[in-house]
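Peer 1: Just dropping this structure here.
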Amino acid sequence: MSIPTAAAGATPLLQVRGLKKQFKVTRRSGMKVRHELVKAVDGVDLTIYSGETVGLVGESGCGKSTAGRAILRLIEPTSGEILLNGVDLRSLRGEALRQARKDINIVFQDPFAALDPRMMIRDIVTEPLLAHGMISRNDVPERAKKLLETVGLRPEFAARYPHEFSGGQRQRIGIARAIATNPRLIILDEPISALDISIRAQILNLLEDLQETNGLSYLFIAHDLSVVRHICDRVAVMYLGAIVEEGPSDLVFTSPRHPYTRALLEAIPAADPDIRKERKLLEGDVPSPLDIPSGCRFRKRCPLAAAICESESPALLAAVDGHRAACHFALDSANSR
């Protein structure tokens, strides 16, 4: 996107510090019962500035969607801070939390499951406004029509039901609902992955237009790295519940400093079928979040792994250029590309 990353010293719109989400699971083996914890999100730090799009990427099951829902408190975090406009959302209850949620919303991955099939479209897109007392019942028809026009749908669609629309149209309806309260931040949880290829560019263009018009900030959760490179100002790479690399989009894609990021980029198919890419495929399976490896969580699949990786967990070290990586050999990884 054309929107620049916030300058040094600017106040972040969203600051996530040490975010954790653990799920209790019960395992039975014969007569024995064990209670264990799945560490779905394990100490995530994330910052988003006003007007910025930050991508959160990683393999399926790495915890990125769980992190997004925990930030919004759709699922309750186990620990950590979620500062929106300097206010910790985890400290809010009742009416205070409800009011704070006007500034943050979400667009879900599945446009078919995200809309109540029993509700008319006008009620779906204006429900947030009624819940926050921002309009009266008499205002619903007119506001619904304006919201639908904003996302490129005809006003008369307001009197229809979700089953009458295609996947792309449903996602536009979901976006209309997300922008209804004029939020400052929207979490986009893989918003185009369930759509046809021909529709994806239209939705991305709509999101860019809305960002420019309304000054929105996005947390863009995705696994399609080509899309992330196009739409995001900064990128955070997640592996097994933790961020292992973060930085400006151009630097992450051209000079990755973590071997996991490099492996993800090497797996992207070449646009030209005549170009043959040398790919270094990762070995082994992703470890279970029930049993995260000691030291570096990526060491069992890493081609650079050494003794220090088993005994010491690498920190996500700050860099002058804003490009950070949680790897003992981060610079070697960048230079070897």
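Read in order, the letters of the sequence shown correspond to residues 743 to 1079 in the numbering used here. We put the CB at the ideal spot given by N, CA and C, even for glycine.
1) Leaving out five residues before and five after ARG776 in sequence, what residues of the same chain have Cβ atoms less than 6 Å from its Cβ?
2) For GLY810, which residues from the same chain have a beta carbon less than 8 Å from its beta carbon, with the 5 sequence-adjacent residues on both sides left out?
3) Under a Cβ-count criterion, where at least 16 other Cβ atoms within 10 Å of its own Cβ denotes burial, should VAL882 be classed as buried or exposed?
4) Is DSSP giving PRO990 helix, strand or coil here?
5) Tell me, to the nearest whole angstrom, how far the beta carbon of MET980 is from that of GLY836; I am working on the premise that it is less than 8 Å.
6) How would you label ALA856, buried or exposed, when you count the other beta carbons within 10 angstroms and need 16 or more for buried?
7) Would you decide whether ARG1066 is buried or exposed? Buried here means 16 or more other CB atoms lie within 10 Å of its CB.
8) For ILE813, count neighbouring C-beta atoms within 10 Å of its own C-beta (all shown protein chains included) and say buried if the count is 16 or more, exposed if not.
9) Beta-carbon within less than 6 Å of PRO1029's beta-carbon, same chain only, minus the 5 sequence neighbours each way: which residues are those?
10) Run the CB neighbour count on ALA1068, radius 10 Å, all protein chains shown included, and call it buried at 16 or more, exposed below.
11) Which of helix, strand or coil does DSSP assign to GLN851?
12) Would you list the residues sitting across from GLN757 in a DSSP beta bridge?
13) Any contact between the region 1031-1049 and the region 999-1008? By contact I mean 3 or more CB pairs, one from each, below 8 Å.
14) Output needed for LEU937: all residues of its chain with C-beta closer than 6 Å, excluding positions within five of it in sequence on either side, in chain order.
15) Give the single residue among GLY875, SER959 and ILE939 whose Cα lies nearest to the Cα of GLU794.
16) Determine the direct distance from the alpha carbon of PRO819 to that of PHE1080, and round the result to whole angstroms.
17) Ordered along the chain, which non-local residues of its own chain (more than five positions away) have a Cβ less than 6 Å from that of ARG902?
18) Under the three-state reduction of DSSP, which class applies to GLU778: helix, strand or coil?
19) Under the rule that 16 or more other beta-carbon atoms within 10 Å means buried, what is MET773, buried or exposed?
20) If LEU895 and ARG914 are in contact, beta carbons under 8 Å, what's the gap, nearest whole angstrom?
21) Taking the alpha-carbon of GLY803 as reference, which of ARG860, ILE917, LYS766 and LEU982 has the nearest alpha-carbon?
22) Name the two residues that bound the continuous beta strand (DSSP E) containing ASP1027.
23) Can you tell me where the beta strand (DSSP E) with ASP931 in it begins and where it stops?
24) Check for me: the beta strand (DSSP E) holding ILE963 runs from which residue to which?
25) Given a threshold of 16 other Cβ atoms within 10 Å of its Cβ, counted over all protein chains shown, does PRO1045 qualify as buried or as exposed?
26) DSSP three-state call for TYR903: helix, strand or coil?
27) Please classify ALA1057: does DSSP put it in a helix, a strand, or coil?
28) Suppose the cutoff is 7 Å on Cβ atoms and the five residues either side in sequence are ignored; what does the same chain contact list for ALA752 look like?
29) Identify the continuous beta strand (DSSP E) that holds ALA978 and give its terminal residues.
30) Is LYS762 near ASP784, with beta carbons less than 8 Å apart?
31) How about VAL986 and VAL977: do their beta carbons lie closer than 8 Å?
32) Quick check on DSSP: helix, strand or coil for VAL969?
33) Does DSSP put SER1036 in a helix, a strand or coil?
34) For my contact list, ALA984 and VAL786 are in at a C-beta cut-off of 8 Å; report their separation, rounded to the angstrom.
35) Whole angstroms is fine: what's the gap from GLU1025's alpha carbon to LYS844's?
Peer 2: Taking the geometry as given:
1) Cβ within range, chain order: ARG769.
2) Counting only residues of its own chain and dropping the five nearest sequence neighbours on each side, GLY810 has a CB closer than 8 Å to the CB of LEU798, ILE848, ILE929, ASP931, LEU961 and ILE963.
3) Buried.
4) It is a strand residue.
5) With a Cβ gap of about 32 Å, MET980 and GLY836 do not count as contacting.
6) Taking a 10 Å sphere around the C-beta of ALA856, we find 16 or more other C-beta atoms and assign the residue as buried.
7) Looking at its Cβ environment, which holds 16 or more other Cβ atoms inside 10 Å, ARG1066 is buried.
8) That one is buried.
9) Only PRO1035 meet the Cβ criterion.
10) Within a 10 Å sphere around the beta-carbon of ALA1068 sit 16 or more other beta-carbons, which makes this residue buried.
11) Three-state result, GLN851: coil.
12) THR789 and LEU825.
13) At 8 Å Cβ cutoff, the stretches touch.
14) The residues are GLY909 and GLY910.
15) Comparing Cα-Cα distances from GLU794 to each of GLY875, SER959 and ILE939, the minimum goes to SER959.
16) The requested residue 1080 does not occur in the structure, where the chain is confined to residues 743 to 1079.
17) Contacts found: ILE863.
18) In this structure, DSSP gives GLU778 an extended state, which the three-state scheme calls strand.
19) Exposed, by the Cβ-count rule.
20) Their Cβ separation, rounded to whole angstroms, is 6 Å, which keeps LEU895 and ARG914 in contact under 8 Å.
21) When each option's Cα is compared against that of GLY803, the closest is LEU982.
22) Taken as a continuous stretch (DSSP letters only), ASP1027 belongs to no beta strand (DSSP E), as it is neither H nor E.
23) Residue range 927-931 is occupied by the beta strand (DSSP E) that includes ASP931.
24) Looking at the DSSP string, the run of the beta strand (DSSP E) that includes ILE963 is 959-964.
25) Using a 10 angstroms sphere on the CB of PRO1045, the tally of other CB atoms stays under 16, which defines it as exposed.
26) Residue state, collapsed to three classes: coil.
27) ALA1057: coil per DSSP, three-state reduction.
28) Cβ within range, chain order: TYR791.
29) Run containing ALA978: 976-981, per the beta strand (DSSP E) assignment.
30) Going by C-beta atoms, LYS762 is nearer than 8 Å to ASP784.
31) Contact: no.
32) In the structure shown, VAL969 falls within a helical segment according to DSSP collapsed to helix, strand and coil.
33) Assigned with DSSP and collapsed to three states, SER1036 falls in coil, not helix or strand.
34) Your pair ALA984 and VAL786 checks out as a contact, with CB atoms roughly 7 Å apart and the cut at 8 Å.
35) In a straight line, the C-alpha of GLU1025 is about 45 Å away from that of LYS844.
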